[in-house]
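In this note's numbering, the protein residues as written are 184 to 527. All residues carry an ideal CB built from backbone N, CA and C; glycine is no exception.
Structure (structure tokens):
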């Protein structure tokens, strides 16, 4: 096959391919154009929905929010040893109820008892010498100064005796308040140091209900407010707690304010450290006109509604509203109960 023939064949092939591509492109264009025309026709046939008239009604509105709360013991204290010593008796176990003054732990008192006996003997001797000095002073055998010195020695030994007896008493560690033993931290034979906690006691007669709120929500929790508290463990409720404390400044990390309420737990019997929830009204409006959110349009900062004037063209009316609550806005100005607005 000559070179000229090959060129002719390649030319016809190229022309054929071009015709195929043009045909395919034209068909796709025609399909797209038909779809566009059909869409335009269907859109032109669509009719906007008729405006729905709504009559303005009056009702009170309130916004509630659920807060996570922690219920902790009113008092949680580690009872410390006030003197060093060796444990010779533990009188309580974890979970045991105690009254103020009940014995918790006893330390070995031998050395402290010796100190008391020595101080008592010194004080007795000082009292005897003071009696002799008083007798001799009456007979003018000793001076007034000697009598005063004997009296001072008697007072000093009495103070030393009181100190020794107080130190001996501190070897018996007692409960500082009514509560429940949460944990005993020492056993018989352990050596303890001054200020080392030996027993942890919690007061469960009252619980602290702690929650954190934002600055905007803070006004909903003035002291004395009653809060309904539910516990996540499924106990019956809600239980009423009274707000006792509101933080004067926000936490630097979270920017939230701590609120604490007091829950009387004597009859409820909740354990400390449980989780709960508090449903609180953080914003409320008295009975007044409300408008559906669907009827409100915003133009910049202005809220507008189409007010139905009864057979005439609706009038675009500017209104002043509060925040949306449950799909409606409280109307502060611009509408009254019985007015009609249109929803489009």
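Cβ-based burial, residue i [other Cβ within 10 Å; buried from 16]
{"i": "residue 424", "result": "buried"}
{"i": "residue 400", "result": "buried"}
{"i": "residue 510", "result": "exposed"}
{"i": "residue 250", "result": "buried"}
{"i": "residue 188", "result": "exposed"}
{"i": "residue 504", "result": "buried"}
{"i": "residue 455", "result": "buried"}
{"i": "residue 333", "result": "buried"}
Proximity of residue i and residue j at Cβ, strictly below 8 Å
{"i": "residue 443", "j": "residue 428", "result": "yes"}
{"i": "residue 337", "j": "residue 301", "result": "no"}
{"i": "residue 384", "j": "residue 281", "result": "yes"}
{"i": "residue 439", "j": "residue 412", "result": "no"}
{"i": "residue 174", "j": "residue 240", "result": "This structure gives no information on residue 174, because the portion of the chain shown stretches from 184 to 527."}
{"i": "residue 309", "j": "residue 379", "result": "no"}
{"i": "residue 393", "j": "residue 253", "result": "yes"}
{"i": "residue 414", "j": "residue 453", "result": "yes"}
{"i": "residue 277", "j": "residue 365", "result": "yes"}
{"i": "residue 462", "j": "residue 223", "result": "no"}
{"i": "residue 237", "j": "residue 526", "result": "yes"}
Where residue i sits in the DSSP three-state scheme
{"i": "residue 465", "result": "strand"}
{"i": "residue 430", "result": "coil"}
{"i": "residue 491", "result": "coil"}
{"i": "residue 410", "result": "strand"}
{"i": "residue 239", "result": "coil"}
{"i": "residue 356", "result": "strand"}
{"i": "residue 253", "result": "strand"}
{"i": "residue 458", "result": "strand"}
{"i": "residue 367", "result": "strand"}
{"i": "residue 268", "result": "strand"}
{"i": "residue 388", "result": "strand"}
{"i": "residue 206", "result": "helix"}
{"i": "residue 400", "result": "coil"}
{"i": "residue 324", "result": "coil"}
{"i": "residue 418", "result": "coil"}
{"i": "residue 518", "result": "coil"}
{"i": "residue 437", "result": "coil"}
{"i": "residue 375", "result": "strand"}
Spatial distance of residue i from residue j (CA atoms)
{"i": "residue 523", "j": "residue 508", "result": "20 Å"}
{"i": "residue 255", "j": "residue 390", "result": "6 Å"}
{"i": "residue 473", "j": "residue 464", "result": "19 Å"}
{"i": "residue 213", "j": "residue 495", "result": "47 Å"}
{"i": "residue 219", "j": "residue 436", "result": "57 Å"}
{"i": "residue 498", "j": "residue 419", "result": "54 Å"}
{"i": "residue 459", "j": "residue 402", "result": "21 Å"}
{"i": "residue 235", "j": "residue 500", "result": "17 Å"}
{"i": "residue 388", "j": "residue 363", "result": "10 Å"}
{"i": "residue 590", "j": "residue 514", "result": "Here the chain covers residues 184 to 527 and nothing more, so residue 590 does not appear."}
{"i": "residue 262", "j": "residue 317", "result": "47 Å"}
{"i": "residue 319", "j": "residue 331", "result": "13 Å"}
{"i": "residue 339", "j": "residue 296", "result": "19 Å"}
{"i": "residue 304", "j": "residue 266", "result": "23 Å"}
{"i": "residue 205", "j": "residue 196", "result": "14 Å"}
{"i": "residue 311", "j": "residue 323", "result": "18 Å"}
{"i": "residue 233", "j": "residue 243", "result": "30 Å"}
{"i": "residue 432", "j": "residue 426", "result": "17 Å"}
{"i": "residue 434", "j": "residue 441", "result": "8 Å"}
{"i": "residue 368", "j": "residue 382", "result": "5 Å"}
{"i": "residue 492", "j": "residue 506", "result": "26 Å"}
{"i": "residue 343", "j": "residue 353", "result": "15 Å"}
Residue i beta carbon near the ligand MN (any heavy atom closer than 7 Å)
{"i": "residue 479", "result": "The ligand MN is not among the ligands present in this structure, which contains no ligands whatsoever."}
Would you check if the stretch 477-492 and the stretch 457-468 touch, i.e. whether three or more CB-CB distances between them fall below 8 Å? no
Within 8 Å, do at least three Cβ pairs link the stretch 324-331 to the stretch 343-352? no
Assess, as a yes-or-no matter, whether the stretch 406-416 is touched by the stretch 367-387 under the definition of 3 or more beta carbon pairs within less than 8 Å. no
I'd like to know if the stretch 349-364 and the stretch 251-270 are in contact, where contact means that at least 3 CB-CB pairs between them fall below 8 Å. yes
So, do the stretch 258-278 and the stretch 287-294 have three or more beta carbon pairs nearer to each other than 8 Å? yes
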